Amino acid sequence: MNTKLVYFAWVRERIGKGEEEIELPAGVVTVRDLLNHLKTLGDEYENALQFPEVIRVAINQEHVEHSEKIAGAREIGIFPPMTGG
Amino acid sequence: MVTVAPRIRVQSQDFDLQAEIDALTAGRRDIGAVVTFTGLCRDEQGALSALELEHYPGMAEAEMLRIGKLAIERFSLLGLAAVHRYGKIRPGENIVLVIAAAPHRQAAFDGANFMMDFLKTSAPFWKKEHGADGSQGDWVSAKDVDDAAREKWK
Chain A
1 MNTKLVYFAW VRERIGKGEE EIELPAGVVT VRDLLNHLKT LGDEYENALQ FPEVIRVAIN
61 QEHVEHSEKI AGAREIGIFP PMTGG
Chain B
1001 MVTVAPRIRV QSQDFDLQAE IDALTAGRRD IGAVVTFTGL CRDEQGALSA LELEHYPGMA
1061 EAEMLRIGKL AIERFSLLGL AAVHRYGKIR PGENIVLVIA AAPHRQAAFD GANFMMDFLK
1121 TSAPFWKKEH GADGSQGDWV SAKDVDDAAR EKWK
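For the protein sequence lines, the chains are A and B, in the order given. Letter by letter, the first sequence follows residues 1 to 85 of the working numbering. Letter by letter, the second sequence follows residues 1001 to 1154 of the working numbering.
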């Protein structure tokens, strides 16, 4: 099953696209696993996610911790800390 | 007492402060205090020509709604509205509006303050700076002071 990934702000700019659908390898269980997997997909991903500890993630449009399991996620948002208001 | 629902909007166009207050207070006789906060784009001593606001459509509204419900419950608000703009915003223009209504002033002040502190750190919006010299600047960095402001409500 494919999972939709959406990127925002400098994560989007560095990866070079706003969204994509990817098939997750079997070993990818948590958000942390996903970020580590994405870093292997190319220089642009490595550049965007080189400091994964600052990256924020939302599953189905709700904030989650990096330890959260991603099974069943329809949409995963990956973005920098927020600066609105 | 029936709990009110937050009035949340995310839009590119400007908002009218008085119209938003009127929508919150129309027909009400129990509201004794209305506090409003408006965030504007400043020019950073002439260095900035515009801010570009990016948002996560759907989640931005959902997150503002979640925060708004928390504020209404925690401070027993009689009304709460929040409008956040996106797109290119120039110095002097509005970015964000929060209105809190309550029977007395303290809850209205606290409700608006709480809403803004959480909105800044949890609602998925990002600011990019455009320089007055035509340069496309950097993304604004998140500030520790904003995280600290949120922590005080724990």
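Idealized CB from N, CA, C, for every residue including glycine. Note that the structure is predicted; figures quoted are calculated from it, not measured.
Selection from the options that minimises the alpha carbon distance to residue i
i: M82 (chain A); options: A:N2, A:K4 and A:F8; result: A:F8
i: A1019 (chain B); options: B:V1098, B:D1147, B:I1067 and B:E1044; result: B:V1098
i: I1067 (chain B); options: B:E1129, B:S1012, B:A1142 and B:L1119; result: B:L1119
i: C1041 (chain B); options: B:D1030, B:G1087, B:K1143 and B:A1071; result: B:G1087
i: E20 (chain A); options: A:G77, A:E46 and A:Q50; result: A:G77
i: N2 (chain A); options: A:P80, A:P25, A:G18 and A:R14; result: A:P25
i: F80 (chain A); options: A:S67, A:R56 and A:A71; result: Checking the sequence, you will find Pro at residue 80 (chain A) rather than Phe. Residue A:R56 is the option with its Cα nearest to P80 (chain A).
i: Q1045 (chain B); options: B:M1064, B:A1149, B:D1138 and B:A1132; result: B:A1132
i: R32 (chain A); options: A:E75, A:E13 and A:V64; result: A:V64
i: F1037 (chain B); options: B:D1016, B:T1003, B:M1059 and B:Q1011; result: B:D1016
i: A1081 (chain B); options: B:A1062, B:A1149 and B:I1021; result: B:I1021
i: E1093 (chain B); options: B:A1148, B:T1025 and B:G1039; result: B:G1039
Status (buried if at least 16 other CB within 10 Å, exposed otherwise) for residue i
i: V54 (chain A); result: exposed
i: S1076 (chain B); result: exposed
i: W1153 (chain B); result: exposed
i: D1117 (chain B); result: buried
i: T1121 (chain B); result: buried
i: R1074 (chain B); result: exposed
i: K1128 (chain B); result: buried
i: S1049 (chain B); result: buried
i: G84 (chain A); result: buried
i: E44 (chain A); result: exposed
i: M1028 (chain B); result: First, the amino acid is wrong: residue 1028 (chain B) is Arg here, not Met. By the neighbour-count rule (16 or more Cβ atoms within 10 Å), R1028 (chain B) is not buried but exposed.
i: H1104 (chain B); result: exposed
i: P1057 (chain B); result: exposed
i: V1096 (chain B); result: buried
i: L41 (chain A); result: exposed
i: R12 (chain A); result: buried
i: G1079 (chain B); result: buried
i: F51 (chain A); result: exposed
i: V28 (chain A); result: buried
i: V1145 (chain B); result: exposed
Neighbour list for residue i in chain A, Cβ cutoff strictly below 8 Å
i: W1139 (chain B); result: A9, W10, P80 and T83
i: G1058 (chain B); result: Q61
i: A1142 (chain B); result: P80, P81, M82 and T83
Interface partners of residue i on chain A, CB under 9 Å
i: H1084 (chain B); result: G84 and G85
i: G1131 (chain B); result: Near G1131 (chain B) there are no residues of chain A at all, since even the closest Cβ is about 17 Å away, more than 9 Å.
Check: residue i C-beta below 7 Å from any heavy atom of the ligand COA
i: Y1086 (chain B); result: This structure simply doesn't include the ligand COA, nor any ligand for that matter.
Within chain A, the residues that residue i reaches when beta carbons sit closer than 7 Å
i: A1062 (chain B); result: Q61
Partners in chain B for residue i, counting only beta-carbon separations shorter than 9 Å
i: A71 (chain A); result: Ordered by position in chain B, no residue passes the 9 Å Cβ test against A71 (chain A), which lies about 20 Å from the chain.
i: A58 (chain A); result: Y1056, M1059, E1063 and P1124
Chain C contact residues for residue i, given Cβ-Cβ distances below 8 Å
i: G77 (chain A); result: Looking at the structure shown, chain C is missing, and the protein chains on hand are A and B.
Minimum length 3: unbroken beta strand (DSSP E) runs contained in the stretch 24 to 59 of chain A: 56 to 59
Residues, ordered as in the chain, of the stretch 24 to 37 of chain A that lie near chain B by beta-carbon distance below 8 Å: none
Near-chain A residues of the stretch 1102 to 1126 of chain B (beta-carbon distance less than 8 Å), N- to C-terminal order: M1116, L1119, K1120, T1121, S1122, A1123, P1124, F1125 and W1126
Residues from the stretch 1030 to 1053 of chain B in contact with chain A, defined by Cβ distance under 8 Å: G1039 and L1053
Contact set between the stretch 1069 to 1080 of chain B and chain A, restricted to residues whose Cβ is under 8 Å from the partner: none
Against chain A: residues of the stretch 1085 to 1097 of chain B by CB proximity under 7 Å: If you check each beta-carbon in the stretch 1085 to 1097 of chain B against every beta-carbon of chain A, the ones closer than 7 Å belong to V1096.
Continuous alpha helix (DSSP H) assignments of at least 4 residues falling wholly in the stretch 1031 to 1115 of chain B: 1059 to 1075
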